[in-house]
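Sequential numbering of the first sequence, starting at 2, is according to the numbering used here.
Just so you know, even glycine gets a beta-carbon here, dropped at the ideal spot from N, CA and C.
Fair warning: this is a prediction, and the values are worked out from it, not measured in the lab.
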Amino acid sequence: MRYSEMFLPTGRETPSDAEVVSHQLMLRAGMIRKLTSGIYSYLPLGLRVIRKVEQIVREEMNRAGAQEVFLPAAQPAELWIESGRWEMYGKELLRFKDRNLRDYCIGPTHEEVITDLVKNEIQTYRQLPRNLYQIQTKFRDEIRPRFGIMRCREFSMKDAYSFDVDEKGAELSYEKMFEAYNRIFRRCGLRFRPVEADSGSIGGSFSHEFLVTADSGEDGMVYCTACAYAANLEKAAVPKPEEKKADPAVFLPLEEVHTPAVRPIEAVCDFLRVTPQDVVKTLIFSCDGKPVAALIRGDEEINEIKLKNFLGADMVELATDDIVYEVTGAPKGFAGALGIKCRAIADYSLMNMTNFVMGANKEDYHIKNCNFKRDFNVDTFADLRMVEEGDACPRCGKEIRFARGIEVGHVFKLGTKYSKAMKATFLDRDGKEKLMIMGCYGIGIGRTAAACIEQNNDDEGIIWPVSLAPFQAVITPVNIKDVRLMEAGETLYGELTEGGLDVLFDDRDERAGVKFKDADLIGIPWRVTIGPKRIEEGTVEVRNRKTKEVTILPLGRVYGFIRQAIDDELKSYETDGSGT
RNA sequence: CGGGAUGUGGCCCAGUCUGGUAGGGCACUGCGUUCGGGACGCAGGGGUCGCGCGUUCGAAUCGCGCCAUCCCGACCA
2 MRYSEMFLPT GRETPSDAEV VSHQLMLRAG MIRKLTSGIY SYLPLGLRVI
52 RKVEQIVREE MNRAGAQEVF LPAAQPAELW IESGRWEMYG KELLRFKDRN
102 LRDYCIGPTH EEVITDLVKN EIQTYRQLPR NLYQIQTKFR DEIRPRFGIM
152 RCREFSMKDA YSFDVDEKGA ELSYEKMFEA YNRIFRRCGL RFRPVEADSG
202 SIGGSFSHEF LVTADSGEDG MVYCTACAYA ANLEKAAVPK PEEKKADPAV
252 FLPLEEVHTP AVRPIEAVCD FLRVTPQDVV KTLIFSCDGK PVAALIRGDE
302 EINEIKLKNF LGADMVELAT DDIVYEVTGA PKGFAGALGI KCRAIADYSL
352 MNMTNFVMGA NKEDYHIKNC NFKRDFNVDT FADLRMVEEG DACPRCGKEI
402 RFARGIEVGH VFKLGTKYSK AMKATFLDRD GKEKLMIMGC YGIGIGRTAA
452 ACIEQNNDDE GIIWPVSLAP FQAVITPVNI KDVRLMEAGE TLYGELTEGG
502 LDVLFDDRDE RAGVKFKDAD LIGIPWRVTI GPKRIEEGTV EVRNRKTKEV
552 TILPLGRVYG FIRQAIDDEL KSYETDGSGT
């Protein structure tokens, strides 16, 4: 590609409405432009990167035995009603009507469509397993689009769906995808970590997220310093403490205390001269419409996802004031487990507490010296709180660490959630009709590119790994009016292109400095500078974007040198471990 | 949806408090000089100051309403 002909508007100033580096650099490098909130256009340079990501994804999906399809973006409401998600999905689902006033949506994901397709075409175990994938534009009407392309409303996603005859097969499909994802992100030159995750609204039983480590990431994760355990913050388990038998002798008598108008836990502590560790918070939740009390230590934070999963509920939210009043007989802020009129579950953190403070279920009163068994009982103890600094690894007990990451991929075991709802069955070897076991697997294409920039940049701009670079090399004649330079440039451009490299020939009538700045900004891994002095002796400079290392080479050896370097780098992705 | 901020040529920003002829830098056009890390000079083109209503002799500036964008919290690839 000749730079002079390319639609590549670069900017020297950082756009004011971009906060994270990847967004800033994608704008400055002329990769993307915003149309409206959360909706972006890709310019040629940006599209080149997207195509590179897609290519890697295709190769690895195909290698893993999946087959590419292309499903519709516009989907009829009937399918979503059938799966139950027309109601469940909420406002993120962009809905519209056609001319006959029939309801449609733009697919935020494609479980419905694929399940519908497969159930109509697959009847027997002989046709299974199958894994189908596509790379498609999704639309999710996000509450808050942000960080440019990282979290946008319209975006390109690779989604794959596996169908198996049994649990064992489904697990194998899952493992294949898990391995494919590792290969994909390695080939993208990313530092990432697969972590255990919650399966969210997609549903299903088990899942892993692939998080690219970055401080700007929206997801928190926890990983063990000793074993392989790693999990999303919202999923990370807290080990069950050892239960110590409390000696009833230490129990102090219950004491009701007047605590007028003190509600926040800190105020209660100040008032009663105790620490939050001595207080038990009683939070009333509405779980699929039923009230449930969750007890947790005053200094801990409840993890609603854990609560939801523990209860096997579809929907968990903090109860309204009315419900709180109904089960406790008091306004919000004074709930306690004594005499509460609903199911109560306590976090492990309470297991060995004695003489603690709770709300009295009576306005402006708390109770001191509460004790389990003597005063009340809970249904059960469970892991309900967020992990925190200082917790041990739930698997091996060693030290865990916290990090942030960008979720670029997610693999789910769906089980029969959709096949059941949509009756995707097959006839098994034994002549019985059975439900297909499904899995689904997503990768954010644009997000992967953005995450890559997030990890690979410096003050000058982007530093692409060769696997994703829009061009692998740029040829920069320092002055296009010097025919010797241009002739050498043309020759080299032809030679490198012949050799199968993606080359940008900077034939613009610009000063050398401008060309250098642009090349650095858009992050091309290799730059060949053709200048007047060296060309006399037939040599040029080959410069590495990342290391800034310059190698002087005769024209004839440039291709071989760059080819070798590129091949070496590509090979290194295949063998490097993921890690951080 | 709650909290905060911003809206002035394509981009970055000043001007707004204290109303009085819309400015600078970058980019763009022409000419000349320059030419290995975002050159310089001269001459140009381009703006309903987010939108609407109001106050005023006069509004980018003051008031009210609306819209859009960005950042912080609940969703997700």
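{"Asked": "Separation of residue 457 from residue 423, as counted between CA atoms", "Found": "44 Å"}
{"Asked": "Cβ contact check for the stretch 70-77 and the stretch 186-194: 3 or more pairs under 8 Å", "Found": "no"}
{"Asked": "Identity of the residues DSSP links to residue 1 by a beta bridge", "Found": "Since the displayed the chain opens at 2 and closes at 581, residue 1 lies outside it and no answer follows."}
{"Asked": "Inter-stretch contact (C-beta, 8 Å, three-pair minimum) for the stretch 321-340 and the stretch 399-418", "Found": "no"}
{"Asked": "Residue 17 (DSSP reduced to helix, strand or coil)", "Found": "coil"}
{"Asked": "Member of 119, 566, 489 and 524 whose CA lies at the smallest distance from the CA of residue 557", "Found": "489"}
{"Asked": "Rounded C-alpha distance that separates residue 346 from residue 380", "Found": "6 Å"}
{"Asked": "Buried versus exposed call for residue 20 [16 or more other C-beta atoms within 10 Å across all chains shown]", "Found": "exposed"}
{"Asked": "As assigned by DSSP and simplified to three states, the class of residue 24", "Found": "helix"}
{"Asked": "Counterpart residues of residue 196 in DSSP-defined beta bridges", "Found": "210"}
{"Asked": "Own chain, CB closer than 8 Å to residue 114, minus 5 neighbours either side, in chain order", "Found": "72, 73, 76, 80 and 108"}
{"Asked": "Beta bridge counterpart(s) of residue 440 as assigned by DSSP", "Found": "163 and 414"}
{"Asked": "Local conformation of residue 450 per DSSP, three classes", "Found": "helix"}
{"Asked": "Whole-angstrom C-beta distance between residue 155 and residue 39, which should lie under 8 Å", "Found": "7 Å"}
{"Asked": "Test item: CB-CB of residue 351 and residue 274 under 8 Å", "Found": "no"}
{"Asked": "Within 8 Å, strictly: CB atoms of residue 84 and residue 349", "Found": "no"}
{"Asked": "Residue 388 versus 56, 241, 101 and 53, residue with shortest Cα-Cα distance", "Found": "241"}
{"Asked": "Residue from 300, 268 and 288 with nearest C-alpha to residue 277", "Found": "300"}
{"Asked": "Which of helix, strand or coil DSSP assigns to residue 60", "Found": "helix"}
{"Asked": "Burial state of residue 581, where buried means 16 or more other Cβ atoms lie within 10 Å", "Found": "In this prediction, residue 581 scores a pLDDT of 46, lower than 50, which makes its location untrustworthy; the coordinate-derived value is nonetheless stated afterwards. Exposed, by the Cβ-count rule."}
{"Asked": "Nearest to residue 356 (by Cα), restricted to the options 530, 161, 167 and 248", "Found": "248"}
{"Asked": "Cut-off 6 Å between Cβ atoms - residues of its own chain near residue 555, not counting five sequence neighbours on either side", "Found": "539 and 540"}
{"Asked": "Backbone CA spacing between residue 579 and residue 272 [nearest angstrom]", "Found": "The pLDDT assigned to residue 579 is 47, lower than 50, so where the model puts this residue is not dependable, and the model offers no usable value."}
{"Asked": "Candidates 510, 307, 498 and 564: closest to residue 480 by CA position", "Found": "510"}
{"Asked": "Touch test, the stretch 461-470 against the stretch 519-535, Cβ-Cβ under 8 Å, three pairs minimum", "Found": "yes"}
{"Asked": "Span separating the alpha-carbon of residue 195 from that of residue 65", "Found": "18 Å"}
{"Asked": "Length of the line joining the Cα atoms of residue 3 and residue 231", "Found": "46 Å"}
{"Asked": "Residue 558 (DSSP reduced to helix, strand or coil)", "Found": "helix"}
{"Asked": "Local Cβ density within 10 Å of residue 53, reported as buried at 16 or more and exposed below that", "Found": "buried"}
{"Asked": "Residue 233 in three-state terms, based on DSSP", "Found": "strand"}
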